[in-house]
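Number of protein chains: 2
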Amino acid sequence: MESQLRFAKEEFAERIRRTKELMDHRGIEVLMVMDPGGMNYLSGYDGWSFYVHQGLLLSLNDDAPHWFGRKQDSNGTRITTWLDEDHIHGYEDFYVQSRYTHTMRYVAEVMDELGLTKKSLGLEMDGYWFNAKMYQELIQKLPGARLMDATNLVNWVKTIKSDGEINYIREASRICERVMQTAIDNIEVGVMEKDVASMVTAAQIYGTEEYGGSSPAIFPIMPTAERTSTAHMTFHPDRKYQKNDVVILELAGARYNYNSPLSRTMYLGEPPADLRRVSDVVIKGLKDTLEFVKPGISAEAVEERWRSNLVGTGIEKPSRVGYSFGLNYVPDWGEHTVSLRPGDKTILKPGMTIHFMPGIWLDTYGFECSEPFLVTETGCEKLIDFPEKLFIK
Amino acid sequence: MESQLRFAKEEFAERIRRTKELMDHRGIEVLMVMDPGGMNYLSGYDGWSFYVHQGLLLSLNDDAPHWFGRKQDSNGTRITTWLDEDHIHGYEDFYVQSRYTHTMRYVAEVMDELGLTKKSLGLEMDGYWFNAKMYQELIQKLPGARLMDATNLVNWVKTIKSDGEINYIREASRICERVMQTAIDNIEVGVMEKDVASMVTAAQIYGTEEYGGSSPAIFPIMPTAERTSTAHMTFHPDRKYQKNDVVILELAGARYNYNSPLSRTMYLGEPPADLRRVSDVVIKGLKDTLEFVKPGISAEAVEERWRSNLVGTGIEKPSRVGYSFGLNYVPDWGEHTVSLRPGDKTILKPGMTIHFMPGIWLDTYGFECSEPFLVTETGCEKLIDFPEKLFIK
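Protein chains in written order, with my numbering: chain P, 1 to 393; chain V, 394 to 786.
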């Protein structure tokens, strides 16, 4: 079959090399990767098959990871990855959601064939895709293995993006600009919220005249009124925009699952004084903080700089104000590595992509204005070009 | 705040009562529900906040479940659920993706306050949302609890739909008909795949003139050509439809997260004889099997009837041919309860909604034609009205 690889084989080899360095330093001989973003990163695998159990097994002694998954999905591996037949292991359908057997028993058999059952085995213990039952089954079936926590190991490797990856994130950013403009152009008092949400999702997939988008890792977050007082609600499918609505827009573009997210806030009518004030403080702090960002400073120093802008304003922002993002599937475009918050000692390096996201949620409404940025050799570069202001209609 | 509950409180009370019956019969005193579909089912909670740890704790001795989650999401509970303040527990932001503490330590503290630490505790061990690390933390923090497997417990309760739920699934079905028609009307040789995918996603959210849709639990599966030879690929964002493409369409409508899925297949040109033959066999078997379905027969008997239609045709279908669906979030609209496959002894009952989905994947392409149906008092009712045929353009 024709391969639909998105990167050169040499780039995958480099990713494997960097992953093995981290494995070696932690004493992990075999790594099981079940996060679909991590699977894509190391193998190219791309498909909505992660609702059944699948993963990669990467051994320090092999140049390529082994894919395991449902047999009916294995042609997806032949189409989207650089793996050869020896590295593709499809299980029969009776394993799927079975009450009598378990996919991890199949995985243990594959590991036995490969001579990997007596090794230290790194597992994504605190990830989305490695559940408690899988862990119980592996404990039972691999008594000779040393099970270790390798949560986010590949995500840390992914945190520094290559030029090819940055190119996709730039394309995703172009899509995101159009998506956000679509929302702002079409939100009006009297228009159904779902009609605008429909245009927003269409813009996410349409992309540009030249290239298409892909489904972002989070659905369009675009709540109104009191629904803006909390962080993760979407449009109301049966409601019209009303006078004096606050509308929060947290929307992304995505290109081959590389996400680029952005937040803005709109007000329909004459904004109350406290919303204007929150907006002014946040946007001033945003600009000041972005000027401060450069390689060599820590993630917590960025948050500290942001927070210094709030002193004396009466505004508090108790949650983290940003996170690393990139190649991710549902449910999150965040990479769970770098967080802009107190205590995060990560030193910023060129090639990191971070969503600086100082959302403020008050009792009855919220305000968001964010910027995704790329850490460069000398500072940072905003990935998206979109006005930083409270949009008023 | 104004409640945006989708069902009467009495219906939630009935769901709780049925869940407690199952808990009691299994000897589970406290149930932890982390699946967002299950959380919504019992409490009404709705938001894209499941990318951080959240859940419900339902005790046999309480009429209402306790919600726990990120503090900034707790207003979402006040807006979308029927829970009172005593049942809402928001954790501070430093718990989020922390390398130093864990959300399950917070949960253990809440359980301690509620006097629930010495009970038998049911956990969704093999679900998407209860990971291995959570399990490790609970073992450590709740030495007096008896941890039990309660995978899919709420999903089994959910499997029989109420009239109100069926109403939402019917609305989702109306949306799905429009979504599928949009795809079939717009797929043409020379059109970019992403342009049609964009219209499809727009139709999913637009819904109808009267009401809006919500994001289905699976993105649009609409592969072409050799990408149809595997089960879960989507459109190619940079490719145009070509002459002699097979196009598989597995698309859903959703209404308040109640999904209604449907599959059809299209051919652009003169279909090869073997595709026509597969199509004829599958559609004949589909119709025959649907006539056979009625309450009182087993799930495996449905599959056996389907398979009897394949005898002598040379076509094999080794995977399961259907599953229960309904109120679900990403990554799956399937409920992981009833499966139409050998060995599933579930007896069909009125109110079950099942996607009969006999997909065939050959070496180089696939064919799908499916029907979601409702089990009625006397037989079954197709939820979607859409021609059963191989679409040819």
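The beta-carbon is built from N, C-alpha and C at its ideal position, and this holds for glycine as well.
7 Å Cβ shell around residue i - same chain, five flanking residues per side excluded
| i | result |
| --- | --- |
| V/Thr-552 | Ser-717, Glu-728, Thr-730, Val-731 and Met-745 |
| V/Val-572 | Val-593, Ala-596, Gln-597, Leu-644 and Gly-646 |
| V/Trp-754 | Ser-622, Thr-623 and Ala-624 |
| V/Pro-664 | Leu-783 and Ile-785 |
| V/Lys-534 | Met-497, Arg-498 and Ala-501 |
| P/Tyr-329 | Pro-36, Gly-37, Phe-50, Ala-217 and Asn-257 |
Per DSSP, cross-strand counterpart(s) of residue i
| i | result |
| --- | --- |
| V/Thr-639 | Looking at the sequence itself, residue 639 of chain V is Val, so the reference to Thr does not match. According to DSSP, V/Val-639 bridges with V/Tyr-660. |
| P/Ile-160 | P/Met-352 |
| P/Val-375 | P/Cys-380 |
| P/Asp-149 | P/Leu-123 |
| P/Arg-6 | Looking at the DSSP assignment, P/Arg-6 forms no beta bridge with any residue, so it has no partner. |
| V/Ser-653 | V/Gly-646 |
| P/Ile-16 | P/Ile-16 is not bridged to any residue. |
| V/Met-626 | V/Met-626 pairs with nothing; no bridge assigned. |
Cβ pair residue i, residue j closer than 8 Å
| i | j | result |
| --- | --- | --- |
| P/Ala-217 | P/Pro-331 | yes |
| V/His-480 | V/Val-503 | no |
| V/Gly-817 | V/Met-750 | With chain V covering only 394 through 786, there is no way to say anything about residue 817 of chain V. |
| P/Leu-310 | P/Gly-285 | yes |
| V/Lys-738 | V/Val-768 | no |
| P/Asp-24 | P/Leu-60 | yes |
| V/Gly-440 | V/Arg-399 | no |
| P/Gly-212 | V/Met-585 | yes |
| V/Glu-684 | V/Gly-736 | no |
| P/Val-282 | P/Cys-369 | yes |
| P/Thr-80 | P/Gln-181 | no |
| P/Pro-125 | V/Ala-525 | The sequence given here has Met at residue 125 of chain P, not Pro. Yes, they are a contact pair. |
| P/Trp-67 | P/Lys-9 | no |
| V/Ser-691 | P/Gln-72 | no |
| V/Ala-543 | V/Ile-421 | yes |
| P/Ile-187 | P/Tyr-241 | yes |
| V/Phe-760 | V/Leu-668 | yes |
| V/Tyr-528 | P/Tyr-128 | no |
8 Å CB neighbourhood of residue i in its chain, flanking five on each side removed
| i | result |
| --- | --- |
| V/Leu-435 | Phe-405, Arg-408, Ile-409, Thr-412, Val-426, Leu-449, Leu-451, Pro-458 and Val-547 |
| P/Phe-391 | Ile-184, Arg-264, Thr-265, Met-266 and Tyr-267 |
| V/Arg-539 | Lys-512, Ser-513 and Leu-514 |
| V/Phe-628 | Glu-586, Lys-587, Val-589, Ala-590, Pro-613, Met-615, Pro-616 and Thr-617 |
| P/Thr-101 | Phe-94 and Tyr-95 |
Residues near residue i by beta carbon distance below 6 Å, same chain, minus five either side
| i | result |
| --- | --- |
| V/Gly-537 | Thr-510 and Lys-511 |
| P/Pro-295 | Leu-348, Lys-349, Pro-350 and Val-375 |
| V/Gly-600 | Ile-568 and Gly-606 |
| P/Asp-288 | Asn-309 |
Residue-level contact to chain V via CB, residue i, 8 Å cutoff
| i | result |
| --- | --- |
| P/Phe-367 | no |
| P/Met-34 | no |
| P/Asp-126 | yes |
| P/Gly-314 | no |
| P/Ser-120 | no |
| P/His-336 | yes |
| P/His-355 | no |
| P/His-232 | yes |
| P/Asn-75 | yes |
| P/Pro-331 | yes |
| P/Arg-6 | no |
| P/Gly-253 | no |
| P/Pro-358 | no |
| P/Tyr-135 | yes |
Chain P contact for residue i (CB, 8 Å cutoff)
| i | result |
| --- | --- |
| V/Arg-563 | no |
| V/Met-432 | no |
| V/Val-572 | no |
| V/Asn-637 | no |
| V/Leu-516 | yes |
| V/Ser-452 | no |
| V/Gly-587 | Strictly speaking, residue 587 of chain V in this sequence is Lys, with Gly absent from that position. Judged by the 8 Å Cβ criterion, V/Lys-587 is in contact with chain P. |
| V/Glu-619 | yes |
| V/Asp-477 | no |
| V/Gln-465 | yes |
| V/Tyr-599 | yes |
Uninterrupted beta strand (DSSP E) stretches inside the stretch 702–751 of chain V (no shorter than 3 residues): Listed in chain order, they are 715–718, 727–732 and 746–749.
Length-filtered (4 minimum) alpha helix (DSSP H) runs lying within the stretch 455–529 of chain V: Within the stretch 455–529 of chain V, the complete alpha helix (DSSP H) segments of 4 residues or longer fall at 467–473 and 496–506, listed in chain order.
4 or more residues per run - each alpha helix (DSSP H) lying fully within the stretch 558–584 of chain V: Taken in chain order, no unbroken stretch of alpha helix (DSSP H) lies wholly in the stretch 558–584 of chain V with a span of 4 residues or more.
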